[in-house]
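**Student:** Before we start, here is the structure in question, set down as structure tokens.
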Amino acid sequence: MGSQIKIDSSWKMRLEDEFKKPYMAELKIFLKSQYDAGKTIFPKGSEYFSAFNHTPFEKVRVVILGQDPYHGPNQANGLCFSVNPGVRFPPSLLNIFKELHSDLHVPMPKNGDLSKWADQGVLLLNSVLTVEQSQAASHEGKGWETFTNAVIKKLNEERQQIAYVLWGSYAQKKAAFVNREKNFIIESPHPSPLSAHRGFLGSKPFSKINQYLISLGEEPINWAL
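Taken in order, the sequence shown gives residues 15 to 239; the numbers are from the working numbering.
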């Protein structure tokens, strides 16, 4: 991974060993081969670790788990479910905003950039951090999942009283090693149009997170964008 790729020091010190493991070396070789073959990869290199740079380790209060980045031009920005300003809302994000409006009466946002959430302690973590343009899930099984599992394990080892938001079976499997007694787990179907009507819509995750944070004596998240 090139020199322009930076990760916040609070994460870097905890994940140093991961970066030295053989799977990471293989992942770097794979990514370089994709670039060398002229393929377009999202997000851009400087945004691979955006989730970590917006939300340092000690600041994490909420974790929302996604699967892999959006694969359309200008969409992915390194935060799961988030898109750059001016980009049309993908269907899952639109359903997230509909649920936010119905849950907390927050007005429909003008743009889909979720960095304001990330800056308040919401780790917006995809399981896989890169994707080839127009090829959904094209970088699955290349090593990113091992890395992001290590991220969740580190949080589980060193931190507690975090709200984990697990939308869909993929996220629910991914968080298998989270201690449910020491953290707050919210599970529902995925916000994708294929499953949102099976229990995502009406699940009120945003108010539940805020009630939990308030119960800990913490500031609630301001979800308005």
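Positions of the beta carbon are idealized from the N, C-alpha and C atoms, including for glycine.
The structure presented is a predicted model; accordingly, all values stated were derived computationally and were not measured.
Tell me the rounded alpha-carbon separation between Q225 and L137.
**Tutor:** Answer to the nearest angstrom: the Cα atoms are 18 Å apart.
**Student:** Please report how far the alpha carbon of S17 lies from the alpha carbon of G59, in whole angstroms.
**Tutor:** Because S17 carries a pLDDT of 47, less than 50, the predicted location of this residue cannot be relied on, and no value is offered for it.
**Student:** Nearest CA to the CA of L270: which residue from P203, A65, G155, K218?
**Tutor:** What the structure shows of the chain is the stretch from 15 to 239, and residue 270 is not part of that stretch, so it cannot be assessed.
**Student:** Are the region 26-35 and the region 93-106 touching by the rule of at least three beta carbon pairs closer than 8 Å?
**Tutor:** No, the region 26-35 does not touch the region 93-106.
**Student:** Considering F33, what are the terminal residues of the beta strand (DSSP E) in which it resides?
**Tutor:** Where F33 is concerned, there is no enclosing beta strand (DSSP E), although the alpha helix (DSSP H) it sits in stretches over 23-33.
**Student:** Applying the 10 Å Cβ sphere with the 16-neighbour rule, what's the burial state of P83?
**Tutor:** Looking at its Cβ environment, which holds 16 or more other Cβ atoms inside 10 Å, P83 is buried.
**Student:** Are there three or more Cβ pairs, one per stretch, closer than 8 Å when the region 65-82 is compared with the region 126-133?
**Tutor:** Yes, since at least three Cβ pairs between the region 65-82 and the region 126-133 fall closer than 8 Å, the two stretches touch.
**Student:** From E159 to V179, what distance separates their C-alpha atoms?
**Tutor:** Cα-Cα distance, rounded: 18 Å.
**Student:** Any Cβ of chain D within less than 8 Å of the Cβ of P104?
**Tutor:** The structure shown has no chain D; it contains just one protein chain.
**Student:** L230 lies in the alpha helix (DSSP H); which residues open and close that run?
**Tutor:** Looking at the DSSP string, L230 is not in any alpha helix (DSSP H), and its letter there is neither H nor E.
**Student:** Please classify L114 as buried or exposed, where buried requires at least 16 other C-beta atoms within 10 Å of its C-beta.
**Tutor:** Classification of L114: buried, given that the 10 Å Cβ count is 16 or more.
**Student:** Is there contact here, the region 40-59 with the region 144-153, by at least three beta-carbon pairs under 8 Å?
**Tutor:** Cβ pair count under 8 Å is three or more, so yes.
**Student:** In three-state terms, what does DSSP make of F161?
**Tutor:** Of the three classes helix, strand and coil, the one that applies to F161 here is helix, per DSSP.
**Student:** Looking at F66: is its Cβ nearer than 8 Å to the Cβ of I19?
**Tutor:** For F66 and I19, no; Cβs fall outside 8 Å.
**Student:** Can you look up Q149 in the DSSP assignment and give me helix, strand or coil?
**Tutor:** The answer is strand: DSSP assigns Q149 an E or B state.
**Student:** Shortest alpha-carbon distance to K167 belongs to which of G182, N193, Q175?
**Tutor:** Here the closest residue by C-alpha is N193.
**Student:** Please report the straight-line C-alpha distance between Y184 and C94, rounded to a whole angstrom.
**Tutor:** If I take the Cα positions, the gap works out to 14 Å.
**Student:** Can you list, in chain order, the stretches of the beta strand (DSSP E) that have 3 or more residues and sit fully within the region 103-147?
**Tutor:** You should have 136-140.
**Student:** Can you give me the Cβ contacts of F191 inside the same chain, cut-off strictly under 7 Å, excluding the 5 residues immediately before and after it?
**Tutor:** Taken in chain order, the residues that qualify are I166, K167, N170.
**Student:** Just confirm the distance between the C-beta atoms of G182 and P203, as a whole number of angstroms; I'd bet it's less than 8 Å.
**Tutor:** The Cβ separation is near 6 Å, so the contact holds.
**Student:** Counting C-beta neighbours from all protein chains within 10 Å, is the total for H153 16 or more, i.e. buried, or is it exposed?
**Tutor:** The residue in question, H153, is buried, as its Cβ has 16 or more Cβ neighbours within 10 Å.
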